[in-house]
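Peer 1: All residue numbers for the sequence shown refer to numbering that gives the first Met the number 0, where the first residue is 0 and numbers rise by one.
Glycine included, C-beta positions come from ideal geometry on N, C-alpha and C.
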Amino acid sequence: MMKHKNTADPSHPEKPERISAIFSKHEEYGLLKRCHMLKARSVSQEELLLLHTQEHINLMQETACMKLQELAKKQDDFRSVYLHPGSYQAACLAAGSVLQVVDSVLNGESRSGVAIVRPPGHHAEEDEPCGFCMFNNVSLAAKYAIQVHGLKRILLLDWDVHHGNGSQHMFESDPRVLYLSIHRYDNGSFFPGSKDANYSVVGTGKGEGYNVNIPWNKSGMSDAEYLTAFYQVVLPISYQFSPELVLVSSGFDACIGDPLGDAASRRDVCCGTTAQLSTSCSSSARSRVWNRL
Numbered sequence: 000m001m002k003h004k005n006t007a008d009p010s011h012p013e014k015p016e017r018i019s020a021i022f023s024k025h026e027e028y029g030l031l032k033r034c035h036m037l038k039a040r041s042v043s044q045e046e047l048l049l050l051h052t053q054e055h056i057n058l059m060q061e062t063a064c065m066k067l068q069e070l071a072k073k074q075d076d077f078r079s080v081y082l083h084p085g086s087y088q089a090a091c092l093a094a095g096s097v098l099q100v101v102d103s104v105l106n107g108e109s110r111s112g113v114a115i116v117r118p119p120g121h122h123a124e125e126d127e128p129c130g131f132c133m134f135n136n137v138s139l140a141a142k143y144a145i146q147v148h149g150l151k152r153i154l155l156l157d158w159d160v161h162h163g164n165g166s167q168h169m170f171e172s173d174p175r176v177l178y179l180s181i182h183r184y185d186n187g188s189f190f191p192g193s194k195d196a197n198y199s200v201v202g203t204g205k206g207e208g209y210n211v212n213i214p215w216n217k218s219g220m221s222d223a224e225y226l227t228a229f230y231q232v233v234l235p236i237s238y239q240f241s242p243e244l245v246l247v248s249s250g251f252d253a254c255i256g257d258p259l260g261d262a263a264s265r266r267d268v269c270c271g272t273t274a275q276l277s278t279s280c281s282s283s284a285r286s287r288v289w290n291r292l
């Protein structure tokens with residue numbers, strides 16, 4: 000996963016050091032001693048087809064054989080995406096490792112899990128990459144849990160400062176997945192720049208009511224706003240839904256200091272509310288909480 004990089008702009012925020020820094024912090028805080036490590040694996044074509052089109056998979060696979068000049072031209076076909084000869088392998092490892100964690104949690108080997116992977120996923124659509132994302136890892140995890148493990152109620156919580164357009168679109172008509180997103184919106188101008196991220200978009204057909212957006216219309220949202228959103232909206236809805244599995248798209252660009260998010264929340268607020276979510280859901284169902292970083 001470290002091979003996926005932007006050769007034209009080494010300072011790009013989605014860089015290999017992201018996951019090495021996260022791993023180092025886990026080690027520094029003594030968390031690794033309390034965890035058992037899972038070996039990363041690549042996702043299979045059959046697993047990817049649970050979510051993505053064959054055309055999209057083929058296109059991503061073809062990038063592994065392209066030269067840098069070809070990739071530079073190809074990436075311009077998409078929104079905020081960079082491509083490298085190592086991108087496809089990294090994306091397959093990221094998606095497969097996510098499923099590895101899901102298996103461990105749902106098979107009872109782990110109470111919860113963290114997947115430290117890149118490239119990220121929640122912007123990727125069924126048929127194209129978007130916003131640094133190639134395959135939609137967390138949505139694939141939800142689909143995999145439904146198809147392979149037979150789950151019927153999955154909560155997908157997305158607290159990344161950007162709306163997870165891909166994740167929402169994957170399940171907007173599916174009542175088995177409750178998608179709940181807290182994100183900066185700016186009246187539709189903040190990336191990914193779609194009105195689909197507004198509070199009025201609640202799902203379609205059988206999935207109506209199973210899509211919940213909490214959009215901020217300005218920057219600088221702090222602990223107070225996030226805590227209010229969690230305690231007044233996220234926790235009550237989650238408790239009522241009684242999920243069998245909780246998946247978290249834990250992008251920390253809503254925290255103080257992120258150059259893109261321009262928010263003012265602290266990371267311990269997100270972590271603390273996730274712990275509260277785990278306790279709340281576990282008391283109402285046989286829930287398992289899994290965080291995707």
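Who are I153's beta bridge partners in DSSP?
Peer 2: I153 pairs with V176, L244.
Peer 1: My output table needs one value for C64: the three-state DSSP class, helix, strand or coil.
Peer 2: C64: helix per DSSP, three-state reduction.
Peer 1: Give me whichever residues DSSP pairs with N210 in a beta bridge.
Peer 2: Note: N210 sits in a beta bridge opposite Y178.
Peer 1: If L276 and L234 are in contact, beta carbons under 8 Å, what's the gap, nearest whole angstrom?
Peer 2: Yes, L276 and L234 are in contact; Cβ-Cβ is about 6 Å, under 8 Å.
Peer 1: Who are the near neighbours of H3 in its chain, counting only those whose CB is closer than 6 Å to its CB and skipping five residues on each side?
Peer 2: Taken in chain order, the residues that qualify are H83, G85, S86, A89, P118.
Peer 1: Tell me the DSSP secondary structure of S221 in three-state form.
Peer 2: Residue state, collapsed to three classes: strand.
Peer 1: For the candidate residues F240, F190, N212, whose alpha-carbon lies nearest to that of I181?
Peer 2: Cα-wise, what sits closest to I181 is N212.
Peer 1: If the criterion is Cβ atoms closer than 8 Å, does the pair C129 and R78 meet it?
Peer 2: In contact: C129 and R78 (Cβ atoms closer than 8 Å).
Peer 1: Would you kindly check if the distance between the Cβ of T203 and the Cβ of S172 is under 8 Å?
Peer 2: Contact flag set, yes.
Peer 1: Apart from the five residues on each side of it in sequence, which residues of its chain come closer than 6 Å, Cβ to Cβ, to P15?
Peer 2: Excluding residues within five positions, the ones whose Cβ falls inside 6 Å are M1, K4.
Peer 1: I want to know whether the stretch 124–143 touches the stretch 49–60 - three or more CB-CB distances under 8 Å.
Peer 2: Yes, the stretch 124–143 touches the stretch 49–60.
Peer 1: Within its chain, find whatever has a CB closer than 8 Å to the CB of R17; leave out the 5 residues flanking it on each side and keep chain order.
Peer 2: Hits under 8 Å: R117.
Peer 1: Enumerate in chain order the residues of its own chain whose CB-to-CB distance from T6 is below 8 Å, with the five nearest sequence positions on each side excluded.
Peer 2: Excluding residues within five positions, the ones whose Cβ falls inside 8 Å are L67, H83.
Peer 1: Thinking C-beta only, is N136 closer than 8 Å to V104?
Peer 2: No, Cβ-Cβ distance for V104 and N136 is not below 8 Å.
Peer 1: According to DSSP, W215 sits in a beta bridge with which residue or residues?
Peer 2: According to DSSP, W215 bridges with R183.
Peer 1: Taking only the alpha-carbon atoms, compute the straight-line gap between Y198 and P214 and give it to the nearest angstrom.
Peer 2: Taking the straight line joining both Cα atoms gives about 6 Å.
Peer 1: Could you tell me if T62 is buried or exposed, where buried requires 16 or more neighbouring beta carbons within 10 angstroms of its beta carbon?
Peer 2: Buried, because 16 or more other Cβ atoms sit within 10 Å of the Cβ of T62.
Peer 1: Report the CB separation of H168 from P191 in whole angstroms; it is logged as a contact under 8 Å.
Peer 2: H168 to P191, Cβ: 11 Å. No contact.
Peer 1: Identify whether C34 lies in helix, strand or coil by the three-state DSSP scheme.
Peer 2: Correct three-state label for C34: coil.
Peer 1: Could you give the C-beta distance for L246 and L155, rounded to a whole number, given that I count them as a contact under 8 Å?
Peer 2: That pair is a contact at about 5 Å.
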